[in-house]
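Keeping their order, the protein sequence lines are chains U and S. The opening position of the first sequence corresponds to residue 3 in this note's numbering, with each subsequent residue numbered one higher. The opening position of the second sequence corresponds to residue 8 in this note's numbering, with each subsequent residue numbered one higher.
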Amino acid sequence: MTVPTGRATAARTSTHTKDDPPAIEAVDLVKKYGDVTALDGLSFAVRPGTVFGLLGPNGAGKSTTIKILTTLSRPTSGAATVAGIDVLARPNDVRRAIGVVTQGAGTDRQATGRENLLLAAHLQGMRGRAAKQRVDELLELFSLTDSAKRIVKQYSGGMQRKLDVAMGLVHRPSVLFLDEPTTGLDPQARAEMWAEIARLARQERLTILLTTHYLEEADHLADQLVIVDRGRLVAQGSPEELKSELRGDAVVIDLSPDASVELARAAIEGLAGAREITVSGRTIRTRVDHGASAVPAALAALEKAAVAVAAVTVARPALDDVYLRHTGRTFASAEAVNR
Amino acid sequence: MTTLAPHTGYLTNRMIMATLRQPAFVVIMLIQPMIWLLLFGQLFKRIVEIPGFATGSYIDFLTPGVVVMTVLFTSGWAGMAFIDDMDRGVMDRMLSSPVSRGAMMLASVLNQAVTIVVQGVIVVVVGLLLGASFPGGILGVLVMLLASVLLAAAFASLSNGMALIVRTQESLIGFSTMLTLPLSFLSSAMMAREAAPGWIQTVSSYNPVDWTVVAAREALSADPDWAAVLLRLGGLFVVAVAMGWIATRAFRAYQRSL
Numbered sequence: 003m004t005v006p007t008g009r010a011t012a013a014r015t016s017t018h019t020k021d022d023p024p025a026i027e028a029v030d031l032v033k034k035y036g037d038v039t040a041l042d043g044l045s046f047a048v049r050p051g052t053v054f055g056l057l058g059p060n061g062a063g064k065s066t067t068i069k070i071l072t073t074l075s076r077p078t079s080g081a082a083t084v085a086g087i088d089v090l091a092r093p094n095d096v097r098r099a100i101g102v103v104t105q106g107a108g109t110d111r112q113a114t115g116r117e118n119l120l121l122a123a124h125l126q127g128m129r130g131r132a133a134k135q136r137v138d139e140l141l142e143l144f145s146l147t148d149s150a151k152r153i154v155k156q157y158s159g160g161m162q163r164k165l166d167v168a169m170g171l172v173h174r175p176s177v178l179f180l181d182e183p184t185t186g187l188d189p190q191a192r193a194e195m196w197a198e199i200a201r202l203a204r205q206e207r208l209t210i211l212l213t214t215h216y217l218e219e220a221d222h223l224a225d226q227l228v229i230v231d232r233g234r235l236v237a238q239g240s241p242e243e244l245k246s247e248l249r250g251d252a253v254v255i256d257l258s259p260d261a262s263v264e265l266a267r268a269a270i271e272g273l274a275g276a277r278e279i280t281v282s283g284r285t286i287r288t289r290v291d292h293g294a295s296a297v298p299a300a301l302a303a304l305e306k307a308a309v310a311v312a313a314v315t316v317a318r319p320a321l322d323d324v325y326l327r328h329t330g331r332t333f334a335s336a337e338a339v340n341r
Numbered sequence: 008m009t010t011l012a013p014h015t016g017y018l019t020n021r022m023i024m025a026t027l028r029q030p031a032f033v034v035i036m037l038i039q040p041m042i043w044l045l046l047f048g049q050l051f052k053r054i055v056e057i058p059g060f061a062t063g064s065y066i067d068f069l070t071p072g073v074v075v076m077t078v079l080f081t082s083g084w085a086g087m088a089f090i091d092d093m094d095r096g097v098m099d100r101m102l103s104s105p106v107s108r109g110a111m112m113l114a115s116v117l118n119q120a121v122t123i124v125v126q127g128v129i130v131v132v133v134g135l136l137l138g139a140s141f142p143g144g145i146l147g148v149l150v151m152l153l154a155s156v157l158l159a160a161a162f163a164s165l166s167n168g169m170a171l172i173v174r175t176q177e178s179l180i181g182f183s184t185m186l187t188l189p190l191s192f193l194s195s196a197m198m199a200r201e202a203a204p205g206w207i208q209t210v211s212s213y214n215p216v217d218w219t220v221v222a223a224r225e226a227l228s229a230d231p232d233w234a235a236v237l238l239r240l241g242g243l244f245v246v247a248v249a250m251g252w253i254a255t256r257a258f259r260a261y262q263r264s265l
């Protein structure tokens, strides 16, 4: 076996740099189930130590991708490495390097939280005191110490999900896969899980691949993301990059009941840099390069035209808009179709 | 393969703990073989008058038969735990971890073995209370339990393998039900071999269920034919190992479907 020496030493240094080999690399993955093509040539690379989001509606191919990368399923064609290890050639080595939190619960409901964690530790080859210490540490980290002796059946959805993530981390993997980590959680539990994931991303030397069909989740958590639709990659970049492709902010002006909509529209059309002006009822929308500087100008123009304004809001472009732009349909409609 | 033994230990422990945490299930498992013994014992009481029965007491004859039927009806459901794990996401988590596949199969088999030994002992005790006598003594009972455990291993593996292929509880229930009764009746579990039609005698000599019954009855008799017992135990061992190996291969079929 020949290893390029420069690369080998770089991989051993303690801090990650942009030149590190990717923590995950998928190359032209294709997966067919009979006539159905779940993945249609998907490629992406994940930098070590980052949170990578795989975003798409249900049925886009996210879970299939995770199954291939976690060695559960084999692609029809294509290749992938995880933690530098070929998933097709050395699946068992990949399994030691990764933590997996599946879309289902993945916990034994008849066992206690501690028993679940201990089993996960033991199956990963940890023994005796070391295993027990790690389990205690994780129970503490995920605030589950008080419920450690209760069987999982009695846990709330949020607690079960935390236990799931803890089980995925028990052997200190270098890559963690989270398949729809907040699906089915109530808003408070979701917020807690987000905080948990953000903390993991900061504290542990860990690469996280996260699939989600919640746009705001990808926006909130991911450093980099790809948008997948019908088994293909439609866009990639950081959430900010993707949104900035849309160029500019939306400015939404609600007029007072007695104001003239025509006059207001004329005033806004006279503004430098105002594009895509639309009127619906007493609301005028426009897109500008910089919302913060455009608002005072817009208000001044409206005041000059003697139009009374009820409210002004500036909205940064959302990933919804990105998805719409790249796929030609809204995220909500794609979800409805695929269901 | 160094992970096989420790993983088997951890996973067996998990399954036994899960069973013990469901008291209703434990009670049913313990009562069911008693009901069979009492019910069949009464229903077929006079069957020993048919020529072909070597013994004059149907309870003597029936007790090993009920132990073997219990094996089929208990181990046939082994795969349900696998399907439960699939539905819950536990299976996918396991298979994406370095857990030994052989250990997953062995743990299920050992869990069945423990259950079968407990059930078998209860049937023997109830049989004795009903007036059965086993001239073969403790050794005979141990041989019966060993044969039953081997049959349970084969049948549990078959059930697990089917579970990995059909992946739904409904299909597995259908498969198990379809198999258990014919396999029991195509053996001498309830009816003396000599009293059955010729074709059933022929079929039953190839039926591992019958091997188990014959080995058990022979070992429990006053003057066992040990060669016949060992032959059948050997056959059961081969079938159990073969089934276990095939069922472990079925993990690949399951993963191919993902």
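Even glycine gets a Cβ: it sits at the ideal position worked out from N, Cα and C.
- Between A310 (chain U) and the set U:P319, U:R318, U:A300, U:V316, the nearest pair of CA atoms involves U:A300.
- When Cβ-Cβ separations below 7 Å define contact, R21 (chain S) makes contact with chain U.
- With respect to I35 (chain S), G168 (chain S) sits apart: the two C-beta atoms are not nearer than 7 Å.
- For E278 (chain U), the enclosing beta strand (DSSP E) stretches over residues 277-282.
- Counting every other CB atom within 10 Å of its CB across the protein chains shown gives G241 (chain S) a total below 16, marking it as exposed.
- Taking the Cα of G138 (chain S) as reference, the smallest distance to any Cα among S:G83, S:S155, S:L44 is reached at S:L44.
- Around the beta carbon of K52 (chain S), fewer than 16 other beta carbons lie within 10 angstroms, which makes this residue exposed.
- Restricting attention to U:E264, U:T109, U:P93, U:A320, the CA atom closest to the CA of E218 (chain U) is found in U:A320.
- As a beta-bridge residue in DSSP terms, Y35 (chain U) pairs with U:V38.
- Going by beta carbons, M250 (chain S) and L158 (chain S) fall outside the 7 Å limit.
- Closer than 7 Å to the CB of D99 (chain S) there is at least one CB belonging to chain U.
- Looking only at S:V210, S:Y65, S:I23, S:L117, the smallest Cα-Cα distance to F162 (chain S) is reached by S:L117.
- Beta-bridge partners of L301 (chain U) (DSSP): none assigned.
- Of U:M161, U:A91, U:N118, the smallest CA-CA separation from R192 (chain U) is found for U:M161.
- Classified as exposed, T280 (chain U) has fewer than 16 neighbouring CB atoms from the shown chains inside 10 Å of its CB.
- A direct Cα-Cα distance of roughly 45 Å separates V133 (chain S) from L165 (chain U).
- At the C-beta level, I70 (chain U) and V48 (chain U) stay beyond 7 Å of one another.
- Taking 7 Å as the threshold, the shortest C-beta distance from G96 (chain S) to chain U falls below it.
- In this structure, the beta-carbon distance from V78 (chain S) to S155 (chain S) falls below 7 Å.
- Under the Cβ distance rule, L102 (chain S) counts among the residues neighbouring chain U, one pair being separated by less than 7 Å.
- Listed along chain S are R28, each with a C-beta nearer than 8 Å to that of I153 (chain U).
- Considered as a whole, the region 153-212 of chain U harbours 159-171, 189-205 as its complete alpha helix (DSSP H) runs of no fewer than 4 residues, in chain order.
- Under the Cβ distance rule, L265 (chain S) counts among the residues neighbouring chain U, one pair being separated by less than 7 Å.
- For G80 (chain U), the three-state secondary structure derived from DSSP is strand.
- Secondary structure note for T73 (chain U): it is in no beta strand (DSSP E), with a DSSP letter that is neither H nor E.
- Under the three-pair Cβ rule at 8 Å, the region 226-239 of chain S counts as touching the region 138-151 of chain S.
- In chain order, T255, F258 place their CB closer than 6 Å to the CB of R108 (chain S), counting only its own chain and leaving out the 5 sequence neighbours on each side.
- For A25 (chain S), the residues of chain U that pass the 8 Å Cβ criterion are D110, Q112, A113, in the order they occur in the chain.
- When DSSP reads this structure, T288 (chain U) sits in a beta bridge with U:V253.
- Between P241 (chain U) and the set U:G250, U:I229, U:R234, the nearest pair of CA atoms involves U:I229.
- Under the three-state reduction of DSSP output, D88 (chain U) falls in the strand class.
- Counting C-beta atoms within 10 angstroms of its own C-beta, G36 (chain U) has fewer than 16 neighbours from the protein chains shown and is therefore classed as exposed.
- Using a Cβ distance threshold of 7 Å, P105 (chain S) and R97 (chain U) count as a contacting pair.
- In this model, V102 (chain U) and R76 (chain U) are separated by some 16 Å (Cα to Cα).
- Taken through DSSP and simplified to helix, strand or coil, L135 (chain S) comes out as helix.
- Among the residues facing chain U, V106 (chain S) is included, as its CB has a counterpart in that chain under 7 Å away.
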